[in-house]
């Protein structure tokens, strides 16, 4: 397709646009497949701080290239949680990437782990939080974030957070949002310590 085209002029701009659209369409196809064919959960005990650290490493230099300060609040006393490591890591990668991209250069990314009370008779739930110092969002936007195809990004598919929400729900957990317009946002994954069925796909 690109053979014989002038990469330095208008043709080059067209090539870049076409390649970006192909990448976006491929991402939509991959996301739709994940929505329609969710994998069964294969759970094992995982330390929440290790999930966050692996997820951050998967994004390479994205944070440093934008001069993002990273603050870790991850005490080693938080117990392991039974999760499908690959799927929960996919959630955390998405949340961290979104947080970094929501900030201007020099912003602050905070990664936290902790616990919160469970339901009566349950052990405390495990929490993993990704917080940014970006522009935040209005209550109207916050209400729609988990809707399929809703996005505020020009290149977004609108399926990333929808998929993340589904993965967390299949673990029996919750994905919570706190945001103040002009101050930033935080996304918290809350997970029970009671293992879910390995057939968690719906």
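Residue numbers (the working numbering): 131 to 332.
We treat Cβ as the ideally placed atom computed from N, Cα and C, and that holds for glycine.
Closest option to residue 236, judged by alpha-carbon separation, among 201, 186 and 325: 201. DSSP places residue 185 within a helical segment (H, G or I) once states are collapsed to three. Under the criterion of beta carbons closer than 8 Å, residue 214 and residue 173 qualify as touching, at roughly 6 Å. Unbroken beta strand (DSSP E) stretches of 3 residues or longer found wholly inside the stretch 174 to 260: 174 to 176, 199 to 203, 211 to 213 and 238 to 246, given in chain order.
Separation of the CB atoms of residue 221 and residue 307 is rounded to 13 Å, and the pair is thereby denied contact status at 8 Å. When C-beta atoms of the stretch 175 to 182 are compared with those of the stretch 192 to 212, three or more pairs fall below 8 Å, so the two segments count as touching. The beta carbon of residue 275 sits closer than 7 Å to the beta carbons of 291 and 307 from its chain, once the five residues preceding and following it are set aside; these are given in chain order. Residue 230 sits close to residue 196, with the two beta carbons spaced by under 8 Å. The residue from 225, 293 and 304 with its alpha-carbon nearest to that of residue 241 is 225. The DSSP-derived three-state label of residue 296 is helix.
DSSP lists 259 and 306 as the bridge partner or partners of residue 318.
If you look at residue 269, you'll find it in the alpha helix (DSSP H) that goes 269 to 274. Annotation for residue 305: 294, 295, 298, 317 and 319 place their beta carbon closer than 7 Å to its own, counting only its chain and skipping 5 residues before and after. Remark: C-beta atoms of residue 208 and residue 259 do not approach each other more closely than 8 Å.
For the pair residue 289 and residue 303, the CB atoms are not nearer than the 8 Å cut-off. In this structure, DSSP gives residue 171 a state outside helix and strand, which the three-state scheme calls coil. If you ignore the 5 residues before and after residue 312, its C-beta comes within less than 7 Å of the C-beta of 265 and 266, all in its own chain and listed in chain order. Taking all protein chains shown into account, residue 194 has fewer than 16 neighbouring C-beta atoms within 10 Å of its C-beta and is therefore exposed. At least 8 Å separates the beta-carbon of residue 300 from that of residue 211.
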